[in-house]
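S.K.:
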Amino acid sequence: MDPLDSSESRLVESANAAENTESSLPWARFSSWLECVCVVTFDLELGQAIELVYPHDVKLTEKEKSSICYLSFPDSYSGCLGDTQFSFRLRQSVGRRGSWFGEEDAYSRDAPVTLQRELAHFYGYVYFRQVKDAAVKRGYFQKSLVLVSRLPYVHLFQSLLQIIAPEYFEKLEPCLEAVCNEIDQWQSPVPGLTLNLPVMGVVMQVRIPSKNDKPGGSPEKQAQKENLLPAPMMLPTIHELDLFKCFQSFLIHLQMLWELMLLGEPVVVMAPSPTVSSETVLALVSSIAPLRYCCDYRPYFTIHDTEFKEYTTRTQAPPNVILGVTNPFFIKTFQSWPHIIRLGELKMSGDLPKQVKVKKLAKLKTLDTKPGIYTAHKMFLQKDKSLIKRLLKGIQRKRPSEVQSAILRRHLLELTQSFIIPLERYLASLMPLQRSVTPWKTPPQIRPFSQEEFMGTLEHAGPQLTSVLKGDWVGLYRKFFRSPNFDGWYRLRHREMTQKLECLHLEVVCDADLLGWTKDKSEVEIVDLVLKLREKLMKAGKQQLPVKEGVLEKLEGYLQTVISSLPEDLQTVLHRY
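Heads up: the sequence shown begins at 1 in the UniProt record's numbering, then just goes up one per residue.
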């Protein structure tokens with residue numbers, strides 16, 4: 001058998017670390033997937049009310065409970081009869097402590113930036129049932145089963161709800177308790193691993209994406225042989241939506257919407273139901289992957305939302321947020337917003353759905369506003385007509401929706417990569433040369449990002465190297481620099497580069513003759529070296545720096561050797577320190 005390479009070893013270590021953390025804390029495995037499960041019901045006197053939260057000891061603030069109540073029911077304008085699934089995202093209360101995992105946990109280190117655990121928001125995945133019931137005073141049974149999580153695994157959690165919700169509505173609480181206990185037996189999500197997740201007699205087989213996966217390509221080969229049994233229900237994705245279905249009525253304007261997402265512009269999506277609203281918002285957010293969308297977004301937003309006043313004030317410019325709404329009242333409220341997408345019902349048919357038109361914002365005044373994109377946005381890039389031709393050909397040939405979605409996803413990925421590669425190339429040039437990293441000096445600084453210097457690189461190394469699209473790329477970059485998406489991208493990349501420098505420095509120190517250096521040095525200088533090295537080692541461990549295997553252990557050994565060369569009284573002090 002081939003020995004495990006370093007990436008495979010890391011996968012095994014991540015899985016083992018997760019197992020060790022889990023075994024010591026109650027509900028830890030459950031918490032690595034879900035925060036809690038809620039049941040929201042309609043009470044004649046109270047309105048929407050939380051009937052049940054599981055596990056029982058989960059602490060939700062009153063504000064969070066109120067938000068979950070209102071966001072878990074479609075508003076009365078949607079007229080949702082039968083079973084409806086949708087999702088929402090809500091801000092956590094200030095001062096809330098995170099779960100057992102820290103910011104630097106192994107999952108966050110190895111997951112793609114677009115699938116990071118949320119630290120300040122919760123996602124809610126809803127299965128709502130409204131059916132006629134003569135036994136209820138209002139004449140209708142109305143209840144929602146809600147999975148609350150920090151993970152953006154929309155496809156996985158909606159698939160899970162399709163298994164457990166119909167059973168729960170029949171058998172109620174004992175069934176829910178059994179499901180939660182089953183989830184508490186699942187292995188924690190480890191990027192790169194394929195997992196079997198048993199629930200209610202069904203086994204879902206899922207692969208957790210890794211940041212090492214090639215964007216748009218096949219995932220990395222499974223690192224370890226897991227002896228998984230063939231699972232009856234294989235999910236091809238945990239997070240991707242049917243993009244073709246979501247974007248079908250505005251395919252010819254997709255590039256404009258991609259620009260709005262890239263620039264973090266304020267956008268309102270007005271939809272006929274929470275399902276259409278939430279799927280459209282999540283699809284828009286995903287359209288700039290692998291770039292992380294760093295603004296706020298609410299797949300389903302109501303007038304009861306705690307941020308309603310904050311987001312609808314007219315005393316300042318609209319915030320950088322995408323809101324998905326269904327209440328016609330919002331048309332009047334959001335008249336001052338620069339971009340409004342009004343959608344009709346999504347109907348998958350054999351022909352290209354009727355494409356909405358781009359209209360002037362001044363026309364958005366009446367409650368019976370027709371579907372359209374109401375905006376004054378002037379596109380920076382020319383439209384790519386070849387995409388529409390490919391999709392039209394697919395419709396004529398009755399190509400499956402998932403294949404059409406894959407074409408769309410690939411197109412958007414290539415567009416985003418053409419935009420981001422010149423930035424990545426320039427950023428790499430700001431990194432100090434490896435030969436300038438020496439063991440006895442602090443690592444050199446990364447050069448600051450200069451927008452003008454970057455603009456000067458575009459003529460020879462711009463998007464034209466990978467994209468045939470013509471247009472004002474320079475203007476698009478200039479506006480991007482003012483957006484939260486640039487700030488988020490730059491901060492993340494700068495942190496990664498700083499960590500890489502730290503790793504290089506540790507490796508250079510590891511290869512140096514530490515003991516030889518101490519020969520002609522005073523005790524003060526040696527103690528100073530010991531303290532600095534110890535601080536570096538602690539920092540490397542805490543931040544889980546991706547140093548070469550054996551470097552930290554070797555340095556720890558050198559440290560002990562240097563300490564043992566000092567007088568005994570100093571040794572005692574340093575061992576205690």
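No residue lacks a Cβ here, since even glycine has one placed at the ideal position from N, Cα and C. As the structure is a prediction and not an experimental result, all values here were calculated from the model.
Please work out which residues of its chain come closer than 8 Å, Cβ to Cβ, to Gly394, disregarding the five sequence neighbours upstream and downstream, and give them in chain order.
M.R.: Translated into positions along the sequence shown, residue 394 becomes position 394. So the qualifying residues of the chain are Val403, Gln404 and Ile407.
S.K.: Go ahead and label Trp33 buried or exposed: buried means 16 or more other beta carbons lie within 10 angstroms of its beta carbon, across all protein chains shown.
M.R.: The count along the sequence shown starts at 1 and reaches residue 33 at position 33. Its Cβ being crowded by 16 or more others within 10 Å, Trp33 is buried.
S.K.: Assign Ala49 to one of three DSSP states: helix, strand, or coil.
M.R.: Within the sequence shown, numbered from 1, the residue matching residue 49 stands at position 49. Here Ala49 sits in strand by DSSP.
S.K.: Is Leu243 near Leu282, with beta carbons less than 7 Å apart?
M.R.: As a first step, residue 243 is located in the sequence shown; it is residue number 243 there, counting from the start. As a first step, residue 282 is located in the sequence shown; it is residue number 282 there, counting from the start. Not in contact: Leu243 and Leu282 (Cβ atoms no closer than 7 Å).
S.K.: Comparing C-alpha positions only, which one of Gln396, Thr498 and Leu514 sits nearest to Leu427?
M.R.: Here residue 427 refers to the residue found at position 427 when the sequence shown is read from its first residue. If we check each option's Cα against that of Leu427, Thr498 comes out closest.
S.K.: When the Cα atoms are used, what is the spatial distance from Asp110 to Cys38?
M.R.: In the sequence shown, counting from the first residue as 1, residue 110 sits at position 110. In the sequence shown, counting from the first residue as 1, residue 38 sits at position 38. Answer to the nearest angstrom: the Cα atoms are 30 Å apart.
S.K.: Rounded to whole angstroms, how far is the Cβ of Glu540 from the Cβ of Val547, which I believe are closer than 8 Å?
M.R.: The sequence position of residue 540 within the sequence shown is 540, counting from 1. The sequence position of residue 547 within the sequence shown is 547, counting from 1. First, the residue type needs correcting, since residue 540 is Ala and not Glu in the sequence shown. With 8 Å as the limit, Ala540 and Val547 qualify as a contact, their Cβ atoms being about 6 Å apart.
S.K.: Does the separation of the CB atoms of Leu387 and Tyr374 fall below 7 Å?
M.R.: In the sequence shown, counting from the first residue as 1, residue 387 sits at position 387. In the sequence shown, counting from the first residue as 1, residue 374 sits at position 374. In this structure, Tyr374 does not lie closer than 7 Å to Leu387 by Cβ.
S.K.: According to DSSP, is Ser87 helix, strand or coil?
M.R.: Looking up residue 87 in the sequence shown gives position 87. Three-state DSSP puts Ser87 in a strand.
S.K.: Check for me: the beta strand (DSSP E) holding Phe301 runs from which residue to which?
M.R.: On the sequence shown, residue 301 is found 301 positions in, with the first residue counted as 1. Note, Phe301: premise wrong, no beta strand (DSSP E); not H, not E.
S.K.: Does DSSP classify Ser188 as helix, strand or coil?
M.R.: Within the sequence shown, the letter at position 188 stands for residue 188. If DSSP states are grouped into helix, strand and coil, Ser188 belongs with coil.
S.K.: Around the Cβ of His575, are there at least 16 other Cβ atoms within 10 angstroms (buried) or fewer (exposed)?
M.R.: Translated into positions along the sequence shown, residue 575 becomes position 575. Flag for His575 reads exposed.
S.K.: Identify which residue in Tyr127, Trp186 and Leu81 has its Cα closest to the Cα of Gly139.
M.R.: In the sequence shown, the residue the question calls residue 139 occupies position 139. Of the candidates Tyr127, Trp186 and Leu81, the one whose C-alpha sits nearest the C-alpha of Gly139 is Leu81.
S.K.: Quick one: residues in its chain with C-beta nearer than 7 Å to the C-beta of Gly102, no 5 flanking neighbours on either side, listed in chain order?
M.R.: For the purposes of this step, residue 102 is taken as residue 102 along the sequence shown, with counting starting at 1. With a pLDDT of 47 at Gly102, under the threshold of 50, the modelled position of that residue is not reliable, and the figure given next carries that caveat. Result list for Gly102: empty, nothing under 7 Å.
S.K.: His121 lies in the beta strand (DSSP E); which residues open and close that run?
M.R.: As a working mapping, residue 121 is identified with position 121 in the sequence shown. Residues His121 to Lys132.
S.K.: When we look at the beta-carbon of Lys214 and count the other beta-carbons within 10 Å, is it buried (16 or more) or exposed?
M.R.: As a working mapping, residue 214 is identified with position 214 in the sequence shown. Classification for Lys214: exposed.
S.K.: Quick check: the Cα distance between Lys309 and Arg89, rounded to an integer number of angstroms?
M.R.: Reading the sequence shown from its first residue, position 309 is the one you call residue 309. Reading the sequence shown from its first residue, position 89 is the one you call residue 89. Going by the C-alpha atoms only, they are around 17 Å apart.
S.K.: I believe Ile183 touches Phe30 by the beta-carbon criterion, under 8 Å. Please report the beta-carbon distance rounded to the nearest angstrom.
M.R.: Position 183 of the sequence shown, counting from 1, holds the residue named residue 183. Position 30 of the sequence shown, counting from 1, holds the residue named residue 30. Confirmed, Cβ separation roughly 5 Å.
S.K.: Quick test of your reading: Leu260 and Val267, contact by CB under 8 Å. State the CB separation rounded to the nearest angstrom.
M.R.: On the sequence shown, residue 260 is found 260 positions in, with the first residue counted as 1. On the sequence shown, residue 267 is found 267 positions in, with the first residue counted as 1. Contact flag correct, Cβ pair sits at about 6 Å.
S.K.: How many Å lie between Val573 and Leu433 at the Cα?
M.R.: Here the question's residue 573 lines up with position 573 in the sequence shown. Here the question's residue 433 lines up with position 433 in the sequence shown. The alpha-carbon atoms of Val573 and Leu433 are separated by roughly 38 Å.
S.K.: Look up Val547 in the DSSP assignment and say whether it is helix, strand or coil.
M.R.: By 1-based counting over the sequence shown, the position of residue 547 is 547. Of the three classes helix, strand and coil, the one that applies to Val547 here is coil, per DSSP.
S.K.: Taking the alpha carbon of Thr481 as the reference point, which residue from Leu263, Ser522 and His377 has its own alpha carbon closest?
M.R.: Here residue 481 refers to the residue found at position 481 of the sequence shown. Checking the sequence, you will find Phe at residue 481 rather than Thr. When each option's Cα is compared against that of Phe481, the closest is Leu263.
S.K.: How would you call Ala271, buried or exposed, if buried means at least 16 neighbouring beta carbons within 10 angstroms?
M.R.: The count along the sequence shown starts at 1 and reaches residue 271 at position 271. By the neighbour-count rule (16 or more Cβ atoms within 10 Å), Ala271 is buried.
S.K.: Kindly indicate which three-state DSSP category Tyr558 falls into: helix, strand or coil?
M.R.: Against the sequence shown, residue 558 aligns to sequence position 558. Of the three classes helix, strand and coil, the one that applies to Tyr558 here is helix, per DSSP.
S.K.: Can you grab the Cα-Cα spacing for the pair His253 / Gly344, in whole Å?
M.R.: If you number the sequence shown from 1, residue 253 lands on position 253. If you number the sequence shown from 1, residue 344 lands on position 344. Rounded to whole angstroms, His253 to Gly344 spans 16 Å at the Cα level.
S.K.: Work out the CA separation of Gln92 and Ser99 for me, nearest whole Å.
M.R.: As a first step, residue 99 must be located in the sequence shown, where it is residue number 99. As a first step, residue 92 must be located in the sequence shown, where it is residue number 92. Confidence at Ser99 is low in this model, with a pLDDT of 48, below 50, so its placement is unreliable and the value that follows should be read with caution. Using only the alpha carbons, I get a separation of about 12 Å.
S.K.: Going by C-alpha to C-alpha distance, which of Ser108, Thr306 and Leu52 sits closest to Lys177?
M.R.: In the sequence shown, residue 177 corresponds to position 177, counting from 1. Inspection of the sequence shows that residue 177 is occupied by Glu rather than by Lys. With distances taken between Cα atoms, Glu177 lies closest to Leu52.
S.K.: Buried or exposed: where does Asp528 fall if 16 or more other Cβ atoms within 10 Å of its Cβ makes it buried?
M.R.: Working through the sequence shown from its first residue, we reach residue 528 at position 528. Looking at its Cβ environment, which holds fewer than 16 other Cβ atoms inside 10 Å, Asp528 is exposed.
S.K.: I'd like the list of long-range same chain contacts for Glu104, defined as Cβ closer than 6 Å, with 5 residues on each side in sequence excluded.
M.R.: Working through the sequence shown from its first residue, we reach residue 104 at position 104. Note that Glu104 scores a pLDDT of 49, beneath 50, so its modelled location is shaky; the value from the coordinates is reported in the next line. Contacts found: Gln543 and Gln544.
S.K.: Residues in the same chain with beta-carbon distance under 8 Å from Val285, minus the five sequence neighbours each way, listed in chain order, please.
M.R.: Taking the first residue of the sequence shown as position 1, residue 285 is located at position 285. For Val285, where only same-chain residues beyond five positions count, the Cβ hits under 8 Å are Met261, Tyr293, Tyr297 and Ile322.
S.K.: At which residue ranges does the region 379-435 contain complete alpha helix (DSSP H) runs of 4 or more residues, listed in the order of the chain?
M.R.: List check, alpha helix (DSSP H) in window: 385-396 and 401-429.
S.K.: For Leu399, tell me which candidate among Lys245, Lys59 and Leu504 has the shortest Cα-Cα distance.
M.R.: As a first step, residue 399 must be located in the sequence shown, where it is residue number 399. Checking the displayed sequence, the identity of residue 399 turns out to be Arg instead of Leu. Checking every option, the nearest Cα to that of Arg399 belongs to Lys245.
S.K.: Bridge partners for Asn196 per DSSP, in chain order?
M.R.: Walking along the sequence shown from the start, residue 196 turns up at place 196. Note: Asn196 sits in a beta bridge opposite Gln205.
S.K.: Examine the Cβ distances between the region 558-566 and the region 115-123 and report whether three or more of them are shorter than 8 Å.
M.R.: With the cut-off at 8 Å, the region 558-566 and the region 115-123 do not touch.
S.K.: Which residue comes first and which comes last in the alpha helix (DSSP H) that contains Lys143?
M.R.: Residue 143 sits at position 143 when you count from the first residue of the sequence shown. Counting along the chain, Lys143 falls outside any alpha helix (DSSP H), though it belongs to the beta strand (DSSP E) covering Tyr140 to Ser149.
S.K.: What three-state label does DSSP hand Gly488 in the structure shown?
M.R.: As a working mapping, residue 488 is identified with position 488 in the sequence shown. Three-state DSSP puts Gly488 in a helix.
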